[in-house]
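S.K.: Attaching a single structure in structure tokens format; questions to follow.
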Amino acid sequence: MFLKKNFHMHIRKSSGTTPSERRLSKLAESTFLGFWSFANPFRDQGGPKEVCDLLVVCGRDVIIFSDKSCILDPSSDISCAWLRWYRRAVSESIKQSLGAERWIRQHPDRLFIDRKLDRKLPVNIDRRDQIRFHHCILAMGARDACKGAGSRRGSLTLEAPMDAGAATSPDNLPDPFVVQQHFNHDRMIHIFDDVTLPKMLTHLSTICDFLEYLKFKEGLFRQRKVGRIYGEENLLAMFLSEIRNSDHRTPFINGLSPDTSLEIADGGWSELLRDESYHVYRAACKGSEVWDRIINQFAFHAFDGSLVEVSPQTVEENEVILRTMALEPRRSRIELVFRMMERWKQCTDGVANTRVVKSPSQEGVAYVFTYFPRVHASPEVYREERQLHLKSYTMLILTENPSIKRAVGIATEAGDEQHRTFDVATIDQETGPATQPHELRKIRDALGLPPRTAMDSLSERSRVRTSPRHKGCVPRNALCPCGSGRKFKKCCRPRVRTDIGDR
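Just add 2 to the spot in the sequence shown (first one is 1) and you have our numbering.
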């Protein structure tokens, strides 16, 4: 997946129609990234009908956001005002969200990202029987009234419903500013407010982390392990402080005694923000956003139609490539970015260096970080040769290591470059070319690598050719690294030699 210089707009996404929706869209873009979040999608139902306020689709997981913003007037009779607000902000949103799920299940091919119904949702929703739906209701407008009633930040109080198997009618709510978490068909409907939503999408800054929190919260309510939560930001603080550094979400919940009903008081969020170790973690999160920028850069060019011809030419194909990177949770991205950045400033000897790192969270996935020195004055020739080197080495790593099922190659400049660029390539065991041993030897020789004698160390240094324009590192008669099944000379070689990379 490589970039080219001639840009033309290919797909334009909505950024929301109301201030509240635009705010939600902006937060979602930073958390779920541009490839997987779509504001105001439409369905073709005898004309354009809005499906929901925000749709997030990443693999099997579909998150439906329904946003209702209506002011709860604290000066009126609060008991009546609360019921009216609840019906509008919560009950109507739940109906919209469940209706959106029904439509998506029945007609995944009739979803569009524009009102004119010209551009279909550019992400496949397949295997409908395996889709995992998550409902997030954004009930906005009660913050000032909550503050007036004594809430420190203005967030709603959450409590378990009297009957965990059915949604509770707002007429039966015991107190104003208390929301009973709903279950519908054994599925939880999460309710957020003005205060908790920004904190969720800022501190749970990947789709994996956000979904992990939803599962944690659902487990607590489903097993009746929680009573009242005085502001969901305090439950989030508990999750971030006790769960984020390990995989013990389920043992934590199961470890609670059957008679335990957690009462999560206010103050946990303030305590978390005073924790020095959490500030260190947040600083590391900031540094790992290099990973997010790589994904967003290529997502933009995939939607914009400005990827080179040797890259997959549909947004759906590119989404599959980048999804592997997007499914790394934040703590994995911290480690991967550290391993990637640790090496690039050291590689200043004019030799291509490669570091191979197995994914901390996805079994069978490895990342091939290639640091390619600028041996050509021409940026175009440099990017062309770097792309060929990256694809060749990524294919080499995949075919020589049976335990690796998917190899993601990321190439960048060697040394401390001020204007750094990236190339990305992905090859799978199932769909990649079946490379023969003699072809592997030829590729190793073309890359300037000695025959491999041991598999305990995957990282190597290879020779970089300095000819003005060489033919690349893949033998002409070898199978093409793109996975087409054709010989390289009849597939990508002619195009790679003529396409121009961006600066």
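A virtual CB, placed ideally from N, CA and C, is assigned to each residue, including glycine.
Predicted, not measured: the structure shown is a model, and the values here were computed from it.
Is Ala510 near Pro362, with beta carbons less than 8 Å apart?
M.R.: Outside the modelled stretch of the chain, which goes from 3 to 505, sits residue 510, for which no answer is possible.
S.K.: Taking Gln299 as the reference, give the member of Thr423, Ile139, Ile73 with the closest Cα.
M.R.: Position 297 of the sequence shown holds residue 299. With distances taken between Cα atoms, Gln299 lies closest to Thr423.
S.K.: Look at the alpha carbon of Ser405 and the alpha carbon of Arg385, and state the distance between them as a whole number of angstroms.
M.R.: To locate residue 405, count along the sequence shown from 1; it is residue 403. To locate residue 385, count along the sequence shown from 1; it is residue 383. So the alpha carbons of these two residues sit roughly 30 Å apart.
S.K.: DSSP state of Lys97, grouped into three classes?
M.R.: Taking the sequence shown and counting its residues from 1, the one referred to as residue 97 is at position 95. In this structure, Lys97 counts as helix in the three-state DSSP scheme.
S.K.: Please report the residue range of the beta strand (DSSP E) in which Glu52 lies.
M.R.: For the purposes of this step, residue 52 is identified with residue 50 of the sequence shown, where counting begins at 1. Run containing Glu52: 50 to 52, per the beta strand (DSSP E) assignment.
S.K.: Around the Cβ of Ser81, are there at least 16 other Cβ atoms within 10 angstroms (buried) or fewer (exposed)?
M.R.: Counted from its first residue, the sequence shown places residue 81 at position 79. When all chains shown are included, Ser81 counts as exposed.
S.K.: Alpha carbons only, please: which of Lys149, Glu220, Asp116 is nearest the one belonging to Gln182?
M.R.: By one-based count along the sequence shown, residue 182 stands at place 180. Checking every option, the nearest Cα to that of Gln182 belongs to Glu220.
S.K.: Kindly indicate which three-state DSSP category Ala41 falls into: helix, strand or coil?
M.R.: Residue numbering aside, residue 41 sits at position 39 when the sequence shown is read from its first letter. DSSP places Ala41 in strand when its eight states are reduced to three.
S.K.: How far does the beta strand (DSSP E) with Phe374 in it extend, from its first residue to its last?
M.R.: On the sequence shown, position 372 is the one that residue 374 refers to. Note, Phe374: beta strand (DSSP E), 367 to 374.
S.K.: Would you mind listing the alpha helix (DSSP H) stretches within the segment 68 to 140 that are 4+ residues and don't spill past its ends, in chain order?
M.R.: Those alpha helix (DSSP H) runs which fall completely within the segment 68 to 140 and span 4+ residues are 80 to 88, 94 to 108.
S.K.: Use the C-beta contact count for Ser95: other C-beta atoms within 10 angstroms, 16 or more gives buried, fewer gives exposed.
M.R.: By 1-based counting over the sequence shown, the position of residue 95 is 93. That one is buried.
S.K.: In this structure, does DSSP put Glu330 in helix, strand or coil?
M.R.: Mapped onto the sequence shown, residue 330 falls at position 328. In this structure, Glu330 counts as coil in the three-state DSSP scheme.
S.K.: Assuming Ile412 and Val426 are in contact, meaning their beta carbons sit under 8 Å apart, how far apart are those beta carbons, in whole angstroms?
M.R.: The residue you call residue 412 lines up with position 410 of the sequence shown. The residue you call residue 426 lines up with position 424 of the sequence shown. With a Cβ gap of about 6 Å, Ile412 and Val426 count as contacting.
S.K.: Note down the Cα distance separating Trp84 from Lys201, rounded to an integer number of angstroms.
M.R.: Start at 1 with the first residue of the sequence shown, and residue 84 comes out as number 82. Start at 1 with the first residue of the sequence shown, and residue 201 comes out as number 199. Cα to Cα, Trp84 sits roughly 24 Å from Lys201.
S.K.: Could you say which of Gln431, Asp177, Cys60 lies nearest to Cys210 if we only look at CA atoms?
M.R.: For the purposes of this step, residue 210 is identified with residue 208 of the sequence shown, where counting begins at 1. Ranking Gln431, Asp177, Cys60 by Cα distance to Cys210 puts Cys60 first.
S.K.: Give every residue of the same chain whose Cβ lies closer than 6 Å to the Cβ of His378, excluding the five residues on either side of it in the sequence, and list them in chain order.
M.R.: Position 376 of the sequence shown, counted from the start, is the residue given in the question as residue 378. Here the set comprises Tyr384.
S.K.: Assuming contact is defined by CB atoms lying nearer than 8 Å, are Val370 and Ala409 in contact in what I supplied?
M.R.: Your numbering for residue 370 matches position 368 in the sequence shown. Your numbering for residue 409 matches position 407 in the sequence shown. Result yes, Cβ atoms of Val370 and Ala409 sit closer than 8 Å.
S.K.: Gln431: which of Glu402, Leu451, Gln420 sits nearest, CA to CA?
M.R.: Counted from its first residue, the sequence shown places residue 431 at position 429. Ranking the options by Cα distance to Gln431, first place goes to Glu402.
S.K.: Are the segment 226 to 242 and the segment 50 to 68 touching by the rule of at least three beta carbon pairs closer than 8 Å?
M.R.: Verdict: no, contact absent.
S.K.: Can you tell me whether DSSP reads Asn236 as helix, strand or coil?
M.R.: The sequence position of residue 236 within the sequence shown is 234, counting from 1. Residue state, collapsed to three classes: helix.
S.K.: Buried or exposed, going by whether 16 or more other CB atoms sit within 10 Å of the CB of Gly270?
M.R.: Residue mapping note: residue 270 aligns to position 268 of the sequence shown, counting from 1. Buried, because 16 or more other Cβ atoms sit within 10 Å of the Cβ of Gly270.
S.K.: Residues in its own chain within less than 6 Å of Ile336 by CB, not counting five upstream and five downstream?
M.R.: The residue you call residue 336 lines up with position 334 of the sequence shown. Same-chain partners within the cutoff: Ala286, Ser290.
S.K.: Specify the secondary structure class of Leu160 as computed by DSSP and reduced to three states.
M.R.: The count along the sequence shown starts at 1 and reaches residue 160 at position 158. Looking at Leu160 - three-state DSSP - the assignment turns out to be strand.
S.K.: Starting from Ala144, trace the alpha helix (DSSP H) both ways and give me its first and last residue.
M.R.: Looking up residue 144 in the sequence shown gives position 142. From DSSP, Ala144 is part of no alpha helix (DSSP H); its letter is neither H nor E.
S.K.: Helix, strand or coil, according to DSSP, for Arg422 in the structure here?
M.R.: Indexing the sequence shown from 1 puts residue 422 at position 420. Residue state, collapsed to three classes: coil.
S.K.: Whole angstroms is fine: what's the gap from Ser334's alpha carbon to Val359's?
M.R.: The residue you call residue 334 lines up with position 332 of the sequence shown. The residue you call residue 359 lines up with position 357 of the sequence shown. Their backbone Cα atoms lie some 11 Å apart in a straight line.
S.K.: What did DSSP end up calling Glu415 once you bin it into helix, strand or coil?
M.R.: Numbered from 1 along the sequence shown, position 413 holds the residue referred to as residue 415. Looking at Glu415 - three-state DSSP - the assignment turns out to be strand.
S.K.: Does the beta-carbon distance from Leu264 to Val228 come in below 8 Å?
M.R.: On the sequence shown, residue 264 is found 262 positions in, with the first residue counted as 1. On the sequence shown, residue 228 is found 226 positions in, with the first residue counted as 1. Contact: yes.
S.K.: Is Pro50 near Ile115, with beta carbons less than 8 Å apart?
M.R.: One-based indexing of the sequence shown puts residue 50 at position 48. One-based indexing of the sequence shown puts residue 115 at position 113. Their beta carbons are not under 8 Å apart, which means Pro50 does not touch Ile115 by this criterion.
S.K.: How should Phe179 be labelled, buried or exposed, when 16 other C-beta atoms within 10 angstroms of its C-beta is the threshold for buried?
M.R.: What you label residue 179 is simply residue 177 of the sequence shown in a count that begins at 1. With 16 or more Cβ atoms within 10 Å of its Cβ, Phe179 is classed as buried.
S.K.: Would you call the CB atoms of Asp46 and Leu100 closer than 8 Å?
M.R.: For the purposes of this step, residue 46 is identified with residue 44 of the sequence shown, where counting begins at 1. For the purposes of this step, residue 100 is identified with residue 98 of the sequence shown, where counting begins at 1. Going by C-beta atoms, Asp46 is not nearer than 8 Å to Leu100.
S.K.: From which residue to which residue does the beta strand (DSSP E) around Leu56 run?
M.R.: As a working note, residue 56 is residue 54 in the sequence shown. Taken as a continuous stretch (DSSP letters only), the beta strand (DSSP E) holding Leu56 covers 56 to 60.
S.K.: How about Ile193 and Ile139: are their beta carbons less than 8 Å apart?
M.R.: For the purposes of this step, residue 193 is taken as the residue at position 191 of the sequence shown. For the purposes of this step, residue 139 is taken as the residue at position 137 of the sequence shown. Contact flag set, yes.
S.K.: What is the residue span of the beta strand (DSSP E) that Ala354 lies within?
M.R.: For this step, residue 354 is matched to residue 352 along the sequence shown. Where Ala354 is concerned, the enclosing beta strand (DSSP E) stretches over 354 to 360.
S.K.: Considering only the alpha carbon of each residue, which of Glu330, Arg112, Trp293 lies closest to Phe212?
M.R.: In the sequence shown, the residue the question calls residue 212 occupies position 210. Considering only alpha carbons, the answer is Glu330.
S.K.: Who pairs with Thr428 in a beta bridge, going by DSSP?
M.R.: In the sequence shown, the residue the question calls residue 428 occupies position 426. Thr428 is bridged to Val410.
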